[in-house]
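In mature numbering (1 follows the signal peptide of the UniProt record, and there is no 0), the protein residues as written are -37 to -1, 1 to 290. Taking it in order: structure first as structure tokens, then the write-up.
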């Protein structure tokens, strides 16, 4: 090939210009001015790692708020369950007072009901009691009903406000997730344009043979190996995709252990052990409890790394270990 020919020289110039443009765009995205016209591949990898770490934190926050909102919803349902029959009793009591007032009290139903409700007119209640229409005991029971209903109404209002607040937090976290995803996608695209495709990390494929582990931990490790190669997905706990705490949750469910879908909550729920005590099936935590993996032996863990990746085997020291625990 005659690279001195004007045509080849022109094509070569175009190719170099494309790489330079991608590099400059990458530099703009990462917020640095390249010393020689382009950030290094290591700079881009570092930015991708930082954004991915931030993404993991957002996912865990999302999982935590989602779990809390589920609890709020159950509390609202419990209050509603108490309110429904109580509201019926209050309505029945009001009808009784209205009937008495209509027949014997000159103030009419509304005045009589307010007297019972507020307990502010002893004369009114005495007059009604005198007529043997409504005893003092009955009026006290009605007041108790009203007090109980008001209390439950207040609880319902507070819980409804909490649910709305949690919904907003979830919405905001989804926006953050989308923003970070877009940044990482752009960084990866620019990296590929400037330096070529990234080398895939070993241990991402399925079909690897798990170690021979007995008991509950064996069920956990076998399950983890069976998930290799499945994609990472936001807030997923299987069976076709996972996030980090969703994978550990699903794995330990095979051993009959229930874990929350939040890495930090998992850490707080289980027994903490030292590195010297670690055994297959134990959970390894990273990133200030922003990430969790399953130890499978030989200084290896299986985890769902971050979006755009799959469940894979990595070194236990892929990042600084925060802590280790055993469910």
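Cβ atoms here follow ideal geometry from the backbone N, Cα and C, with glycine treated the same way.
query: Exposed or buried, what is residue 58 when buried is set at 16 or more other beta-carbons lying within 10 Å of its beta-carbon?
result: Locating residue 58 in the chain shown gives position 95, counting from the first residue. Exposed.
field: Helix, strand or coil at residue 172 according to DSSP, with G and I counted as helix
entry: Numbered from its first residue, the chain shown carries residue 172 at position 209. Of the three classes helix, strand and coil, the one that applies to residue 172 here is coil, per DSSP.
field: Three-state secondary structure assigned by DSSP to residue 277
entry: Along the chain shown, read from residue 1 onward, the residue named residue 277 stands at position 314. In the three-state reduction of the DSSP assignment, residue 277 falls in the strand class, which pools E and B.
field: For residue 270, three-class secondary structure by DSSP
entry: Taking the chain shown and counting its residues from 1, the one referred to as residue 270 is at position 307. Residue 270 falls in the coil class under three-state DSSP.
message: So, with DSSP's three-state summary, where would you put residue 263?
response: For the purposes of this step, residue 263 is taken as the residue at position 300 of the chain shown. The answer is strand: DSSP assigns residue 263 an E or B state.
field: Inter-residue CB distance, residue 230 and residue 252 (contact presumed, cutoff 8 angstroms)
entry: To locate residue 230, count along the chain shown from 1; it is residue 267. To locate residue 252, count along the chain shown from 1; it is residue 289. Between residue 252 and residue 230 the Cβ distance is about 6 angstroms, and since that is below 8 angstroms, they are a contact.
Inter-stretch contact at 8 angstroms, needing at least 3 Cβ pairs: the stretch 183 to 198 / the stretch 262 to 269: yes
- request: Report yes or no: do the stretch 208 to 227 and the stretch 35 to 47 share at least 3 C-beta pairs separated by less than 8 angstroms?
  value: Not touching, per the Cβ criterion.
field: Proximity of residue 179 and residue 225 at Cβ, strictly below 9 angstroms
entry: Taking the first residue of the chain shown as position 1, residue 179 is located at position 216. Taking the first residue of the chain shown as position 1, residue 225 is located at position 262. It is not a contact, given that the beta carbons lie outside the stated cut-off.
message: With H, G and I counted as helix, E and B as strand and the rest as coil, what does DSSP make of residue 246?
response: Mapped onto the chain shown, residue 246 falls at position 283. Three-state result, residue 246: strand.
- prompt: With residue 140 and residue 21 assumed to form a contact (beta carbons below 8 angstroms), what rounded beta-carbon distance in angstroms separates them?
  reply: As a working note, residue 140 is residue 177 in the chain shown. As a working note, residue 21 is residue 58 in the chain shown. 5 angstroms between Cβ atoms; contact.
query: Going straight from the alpha carbon of residue 16 to that of residue 147, what length do you get?
result: Working through the chain shown from its first residue, we reach residue 16 at position 53. Working through the chain shown from its first residue, we reach residue 147 at position 184. Residue 16 and residue 147 have their C-alpha atoms roughly 11 angstroms apart.
query: Relative to the C-alpha of residue 281, which residue among 257, 271, 181 is closest?
result: Working through the chain shown from its first residue, we reach residue 281 at position 318. A check of alpha carbon separations from residue 281 across 257, 271, 181 identifies 257 as the nearest.
For residue 220, the three-state DSSP class (helix, strand or coil): In the chain shown, residue 220 corresponds to position 257, counting from 1. Residue 220: coil per DSSP, three-state reduction.
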